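Here the working numbering = 1-based position in the sequence shown + 681. Note that the Cβ used here is the ideal one computed from N, Cα and C, for glycine as well. Here the structure is a predicted model, which is why all the values come from computation and not from measurement. Single-structure report; data block below.
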Amino acid sequence: MSNPRDFGAAGDGQTDDTEAIQHAIEQGDGPLYFPPGDYRITRTIVVELARTGRFGMDGALGTAKLLMAGPGPAFHLVGTHDKSADPAGFAPAAWAGQRMPLVQNVEIEGRHPEACGFLVEGTMQSTFAGVLLRQLRDGIRLHRRARNVLVTHCHIYDNRGVGIFLDHVNLHQAIITGSHVSYCRGGGIKIVGSEIRNLQITGNDIEYNYDPQAAASADVWIDCSEEGSTVREGTIVSNTVQAKYSPGGANVRIIGQHPRVNHRAGLWTISNNLIGSQEINVHLAACRGVTVSGNVIYSGHVRNLQLDGSRNIVLAANCFDHNPDYGEQELCTGVRLADSHDVVLSGSLVHDCQAGRHTVAGAPELVREGLLEIVRCRRVAVSGCEVLDGAPHGIYVEESDDVSITGCTVLDSRLEKKSTAAICFRGTGRGNLVAGNRLGAGAESAVEADAAAGVRVGENWTDGS
């Protein structure tokens, strides 16, 4: 076991221990053990796995801290694996000497504006466990190629950039679990320009990752808009994902390349999470094959869920809600589906606040036509939902075809009615159906429909029927 103190490190937080730590890695016997103390470094410590062989780093049960006082990553883990995770694709030497570089039980704190935590390239089974990363630019940055990455029970907190940054990386089989990723202004978990398969984000607390000065931000941010980028086959499950309002902000945002090429981002499940408090809670754009199910989604300043230019989307058994704990200080609820097709919305509750408008100080002005809006869409099935207290409409459909609304309850239960109609169709359309629902009459009628909207209405139970 290599102890940097044996190579001259002071661990007093003042002495530059960079050379001592680098010597401990290059001349030691593999495992790097930091005794309790504060180790100041001023440049990146490079770990070339082809030279060091099997590598692990331990910080004495979290009592060791590294102070990164220079620009760039504190540690750069470099491997030579350039193929897939298929066992047949490994060079024997790479598997024998480079598998599972392990970092555990250590803190890295930034002491330079451009200081980062870890840069990881060309590795197999890199594992981070019990690591604290704070006051850095980026916490963990994965770049170029990686396989079978595991981040578990870590604290990635109060960073200027991204907590976990998948930056132009070819990455398959990764798990981020049981960790706190919070107060990272560039995003909690962010993917840009990458090819990703089999990414599991599960059981984490991902909170307050936003920048009020930026044009956009998100707690979980997957951006496939760059040519060649694809992110598929993943899950966001059993997390708490919360923030504060910021312009252009979202709790979960998945952006594909283009609505006509919407298979670049998809085959994702967003399930059983608590998601709340942002401009848009869940934003899916140019996606294909996403299921959003079993979540509580609340307090969206613009929408709880916004779907743009996407297809093959299932929204099932979600609770879209507001928080009445704050009395009159409430935010409206809302779901908007736009320019999308082949969408199923079923078994969900969409419940607006009593005021029918934002009453929180500083909230943006709300512009909407319904609690559930379906605009320029095709083949949308809405079934078994409760849409309550919408204003001015419960469900609003515009310029859409083959929209079926069946088996739903659409009512305004407020003493002071704010809904003009339970369901409204505007513009042109064909093949639309409203049947078998329980509908409130609203101030004007239960169903409003333009003559050209192509709506068949029948067998609904309405007030006064």
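Secondary structure at T723: coil, using DSSP grouped into helix, strand and coil. For E790, DSSP records a beta bridge to L748, R815. In the DSSP assignment, E700 falls within the alpha helix (DSSP H) that extends over 699-708. When the beta-carbon positions are compared, G1015 and V983 come within less than 9 angstroms of each other.
Here the stretch 954-963 lies against the stretch 911-928, with 3 or more beta-carbon pairs under 8 angstroms apart. Under DSSP, M805 takes part in a beta bridge, and its partners are R828. A residue is called buried when at least 16 other Cβ atoms come within 10 angstroms of its Cβ; N829 meets this threshold and is buried. When Cβ pairs closer than 8 angstroms are counted between the two stretches, the stretch 716-724 is seen not to touch the stretch 762-776, the count staying below three. If you compare the alpha carbons of H793, G868, G884, N840 with that of V832, the shortest gap goes to G884.
For R686, there is no enclosing alpha helix (DSSP H), as DSSP gives it neither H nor E.
Nearest to L1026 by C-alpha distance, out of V1063, R1095, T1040, F688, is V1063. In terms of Cβ geometry, I789 and R815 form a close pair [threshold 9 angstroms].
The bridge partners DSSP lists for P717 come to none. Contact between the stretch 865-885 and the stretch 838-853 is present, with at least three C-beta pairs closer than 8 angstroms. A775: member of the alpha helix (DSSP H) spanning 773-779, first to last residue.
For A1130, same chain residues with a beta-carbon under 6 angstroms away, outside a window of 5 residues either side, are F1106, V1136 in chain order. Check the Cα spacing between V812 and each of T1101, D687, I821, T804: the tightest is with I821. With respect to the C-alpha of G1139, the residue from D892, V971, V1115 having the closest C-alpha is V1115. Relative to the Cα of R934, the nearest Cα in the group Q987, N976, E914 belongs to Q987.
Looking at the DSSP output, A966 sits in a beta bridge with I936, D989. Between N993 and V963, the CB-CB gap reaches or exceeds 9 angstroms. Secondary structure at V1115: strand, using DSSP grouped into helix, strand and coil. Sequence-distant Cβ neighbours of H834 in its own chain, meaning closer than 7 angstroms and more than five residues away, are A810, G811, G859, S860. In terms of Cβ geometry, D904 and I872 form a close pair [threshold 9 angstroms]. The Cβ-Cβ distance between G929 and A966 does not fall below 9 angstroms.
Take the alpha-carbon of N1113 and the one of R969: they are about 23 angstroms apart. Sequence-distant partners of E729 (beyond 5 residues in either direction) whose C-beta falls short of 6 angstroms from its own C-beta, in its chain, are V759. Here DSSP, grouped into helix, strand and coil, assigns G975 to coil. Here the stretch 706-722 lies against the stretch 682-689, with 3 or more beta-carbon pairs under 8 angstroms apart. Within the DSSP secondary-structure output, P754 pairs in a beta bridge with C797.
Sorting L852, P768, P754 by C-alpha distance to the C-alpha of H793 places P754 at the top. Ranking G1110, S991, L1047 by CA distance to the CA of V1024 puts S991 first.
The straight-line gap separating the alpha-carbon atoms of L852 and A946 is approximately 15 angstroms. L996 and V1041 do not touch by the CB rule: their CB atoms are close to 25 angstroms apart, not below 8 angstroms. A Cβ-Cβ separation of about 18 angstroms leaves A745 out of contact with P782 under the 8 angstroms criterion.
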